[in-house]
Amino acid sequence: MTPTLAIARPAHIVWLQACGIFLCAMVALATLDMLAKDLVTRHPAPAINLVRYGVVLLMAIILMGVRGTAWRVAVQYRSTMLWRGVMLGTVGLTFMQALHTMPLAEATAIYFLSPLIIVALSPWLLGEQVHGRQVAAVVAGFAGMLLIVRPGGALPLVGTLLMLMAAGAYAMLQIITRRLAGKVSMEQQFAWTAVICTVMTVLSLPSADHLSMPGAGDLALMVLVGLLSGLGQYLLIEAFQKVSASSLAPFNYFHLLLAVVFSVLVFGQRPDALALLGIAVIACAGLALTVPVFRAQLAAALATRQAPR
Numbered sequence: 000m001t002p003t004l005a006i007a008r009p010a011h012i013v014w015l016q017a018c019g020i021f022l023c024a025m026v027a028l029a030t031l032d033m034l035a036k037d038l039v040t041r042h043p044a045p046a047i048n049l050v051r052y053g054v055v056l057l058m059a060i061i062l063m064g065v066r067g068t069a070w071r072v073a074v075q076y077r078s079t080m081l082w083r084g085v086m087l088g089t090v091g092l093t094f095m096q097a098l099h100t101m102p103l104a105e106a107t108a109i110y111f112l113s114p115l116i117i118v119a120l121s122p123w124l125l126g127e128q129v130h131g132r133q134v135a136a137v138v139a140g141f142a143g144m145l146l147i148v149r150p151g152g153a154l155p156l157v158g159t160l161l162m163l164m165a166a167g168a169y170a171m172l173q174i175i176t177r178r179l180a181g182k183v184s185m186e187q188q189f190a191w192t193a194v195i196c197t198v199m200t201v202l203s204l205p206s207a208d209h210l211s212m213p214g215a216g217d218l219a220l221m222v223l224v225g226l227l228s229g230l231g232q233y234l235l236i237e238a239f240q241k242v243s244a245s246s247l248a249p250f251n252y253f254h255l256l257l258a259v260v261f262s263v264l265v266f267g268q269r270p271d272a273l274a275l276l277g278i279a280v281i282a283c284a285g286l287a288l289t290v291p292v293f294r295a296q297l298a299a300a301l302a303t304r305q306a307p308r
């Protein structure tokens with residue numbers, strides 16, 4: 000499909016396409032997390048990430064070649080691109096390591112504090128005004144996290160701190176991506192990030208307890224994790240090229256729902272009542288911020304259906 004044909008489509012059709020692509024990305028990323036949770040029980044996280052980001056880097060090189068995109072980025076954006084890569088690399092390293100000791104559902108729920116962290120940081124980093132409803136959502140999300148973690152409870156402190164670090168790094172990643180919007184192509188962002196994440200993973204290898212060549216089955220799973228990681232990021236890029244990221248934000252919580260399902264069905268780790276309440280509070284707090292934008296985008300898209308041609 001050429002860009003001209005995509006643009007010529009009615010806005011509501013383009014928006015529905017973006018929703019479908021975004022949901023496919025969520026399925027890919029949630030499946031990635033499930034496979035990673037299984038792999039970290041047998042292999043150190045840096046080893047898994049090395050294969051993962053190696054595959055993503057190969058996909059990035061192919062993408063840049065197919066699209067004919069130059070690797071060179073304007074000087075004024077290079078430091079920002081570097082920090083974007085460092086933030087995503089931090090997410091990969093801390094999230095994967097935390098999964099070694101954390102149940103998948105609770106870990107993913109803490110990770111989904113990132114939209115609320117963005118709201119908390121936006122007055123200082125983006126110069127955006129925060130309203131009372133947004134403050135209430137941030138406070139509710141923090142309360143939900145406490146219901147999950149419950150100081151003195153069963154969740155490990157180190158794993159919890161690593162997952163909070165992952166959430167903070169992912170929030171910073173999104174803020175940096177906002178700053179790069181319209182200035183650096185998504186292909187360049189994808190490729191530069193793949194390189195930086197691969198370098199960070201190589202540097203993290205000495206921290207691994209033991210390194211050994213995985214068997215054919217586990218190596219195939221690691222490659223699949225890399226493919227899902229690259230596919231998920233590529234689908235996100237495609238969705239965000241069609242509509243704004245904020246209009247798709249509510250669908251992020253489909254990822255959280257899948258994490259709970261995988262945690263129960265695959266690993267037999269059922270969150271207790273308070274943890275489920277905390278997960279629900281975090282999801283509702285995030286949805287309270289994103290649903291109004293979603294509804295406005297949907298109304299605007301459907302309005303084009305009624306417009307005269």
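The letter at position 101 of the sequence shown is residue 100 when you use numbering that gives the first Met the number 0, and the numbering goes up by one with no holes.
Each residue gets a CB set at the ideal place from its N, CA and C atoms; glycine is no exception.
Please read all numbers here as calculations on a predicted model, not as lab measurements.
Residue environment, residue i, which counts as buried when at least 16 other CB atoms sit within 10 Å
{"i": "Cys-18", "result": "buried"}
{"i": "Pro-2", "result": "Its pLDDT being 45, under 50, Pro-2 is placed unreliably in this model, and the coordinates cannot settle the point."}
{"i": "Pro-291", "result": "exposed"}
{"i": "Val-265", "result": "exposed"}
{"i": "Ser-113", "result": "buried"}
{"i": "Arg-83", "result": "buried"}
{"i": "Gln-75", "result": "exposed"}
{"i": "Leu-202", "result": "exposed"}
{"i": "Pro-249", "result": "buried"}
{"i": "Val-65", "result": "exposed"}
{"i": "Leu-210", "result": "exposed"}
{"i": "His-254", "result": "buried"}
{"i": "Met-0", "result": "Unreliable positioning characterises Met-0 in this predicted model, as indicated by a pLDDT of 44, which lies under 50. A coordinate reading is not provided."}
{"i": "Gly-216", "result": "exposed"}
{"i": "Val-157", "result": "exposed"}
{"i": "Gly-225", "result": "buried"}
{"i": "Ala-302", "result": "exposed"}
{"i": "Ala-24", "result": "buried"}
{"i": "Leu-247", "result": "buried"}
{"i": "Gly-214", "result": "exposed"}
{"i": "Leu-218", "result": "exposed"}
{"i": "Leu-204", "result": "exposed"}
{"i": "Gly-131", "result": "exposed"}
Whole-number beta carbon distance between residue j and residue i, since they are thought to touch under 8 Å
{"i": "Pro-122", "j": "Gln-268", "result": "Rounded, the Cβ-Cβ distance is 37 Å, inconsistent with contact."}
{"i": "Thr-197", "j": "Leu-56", "result": "5 Å"}
{"i": "Ala-27", "j": "Leu-234", "result": "7 Å"}
{"i": "Ile-175", "j": "Ile-117", "result": "Incorrect: roughly 11 Å between the Cβ atoms, too far for contact."}
{"i": "Ser-184", "j": "Thr-68", "result": "6 Å"}
Sequence-distant residues of the same chain with beta carbon closer than 7 Å to residue i, five excluded per side
{"i": "Ala-258", "result": "Ala-29, Asp-32, Leu-103, Ala-104 and Thr-107"}
{"i": "Val-263", "result": "Arg-269"}
{"i": "Lys-182", "result": "Tyr-76"}
{"i": "Met-58", "result": "Gly-229"}
{"i": "Glu-237", "result": "Ile-20"}
{"i": "Arg-178", "result": "Thr-79"}
{"i": "Leu-98", "result": "Ala-35, Lys-36, Val-39 and Ala-106"}
Neighbourhood of residue i by C-beta, 6 Å cutoff - its chain only, sequence neighbours within 5 removed
{"i": "Ala-295", "result": "none"}
{"i": "Leu-145", "result": "none"}
{"i": "Leu-276", "result": "Leu-146"}
{"i": "Met-171", "result": "Met-86"}
{"i": "Gly-143", "result": "Gly-277, Val-280 and Ile-281"}
{"i": "Val-137", "result": "Leu-115, Val-118 and Ala-119"}
Same chain only: Cβ atoms within 8 Å of residue i, ignoring 5 sequence neighbours per side
{"i": "Lys-241", "result": "Ala-5, Val-13, Trp-14, Gln-16, Ala-17 and Ile-20"}
{"i": "Tyr-110", "result": "Phe-94, Met-162, Ala-165, Ala-166 and Tyr-169"}
{"i": "Val-222", "result": "Val-50 and Val-54"}
{"i": "Tyr-252", "result": "Phe-111, Ala-282, Gly-285 and Leu-286"}
{"i": "Val-72", "result": "Met-80, Val-183, Gln-187 and Trp-191"}
{"i": "Leu-92", "result": "Ala-44, Pro-45, Asn-48, Met-199, Thr-200 and Ser-203"}
{"i": "Ala-180", "result": "none"}
Closest residue to residue i among the options (Cα-Cα distance)
{"i": "Leu-309", "options": "Lys-182, Arg-149, Met-221 and Gly-214", "result": "The chain is shown only over 0 to 308; residue 309 falls outside these bounds and no answer can be derived."}
{"i": "Met-63", "options": "Ser-211, Val-224, Val-194 and Pro-213", "result": "Val-194"}
{"i": "Leu-154", "options": "Leu-179, His-130, Thr-100 and Ala-299", "result": "Thr-100"}
{"i": "Val-134", "options": "Leu-288, Ala-298, Phe-253 and Ser-206", "result": "Leu-288"}
{"i": "Leu-220", "options": "Leu-22, Met-25, Ala-24 and Val-54", "result": "Val-54"}
{"i": "Gln-96", "options": "Leu-22, Ser-206, Met-25 and His-130", "result": "Ser-206"}
{"i": "Ala-139", "options": "Gly-285, Val-72, Leu-22 and Ala-302", "result": "Gly-285"}
{"i": "Leu-22", "options": "Phe-239, Met-212 and Ile-60", "result": "Phe-239"}
Chain D within 8 Å of residue i, Cβ atoms only
{"i": "His-254", "result": "Absent from the structure: chain D. Only one protein chain is present."}
Cβ pair count under 8 Å reaching 3, the stretch 226-241 against the stretch 185-198:
When C-beta atoms of the stretch 226-241 are compared with those of the stretch 185-198, three or more pairs fall below 8 Å, so the two segments count as touching.
Contact the stretch 156-176 vs the stretch 38-46: 3+ CB pairs below 8 Å
Contact fails: fewer than three Cβ-Cβ distances are below 8 Å.
Mind the definition here: the stretch 46-57 touches the stretch 276-292 only if three or more C-beta pairs lie below 8 Å; say whether that holds.
No contact exists between the stretch 46-57 and the stretch 276-292.
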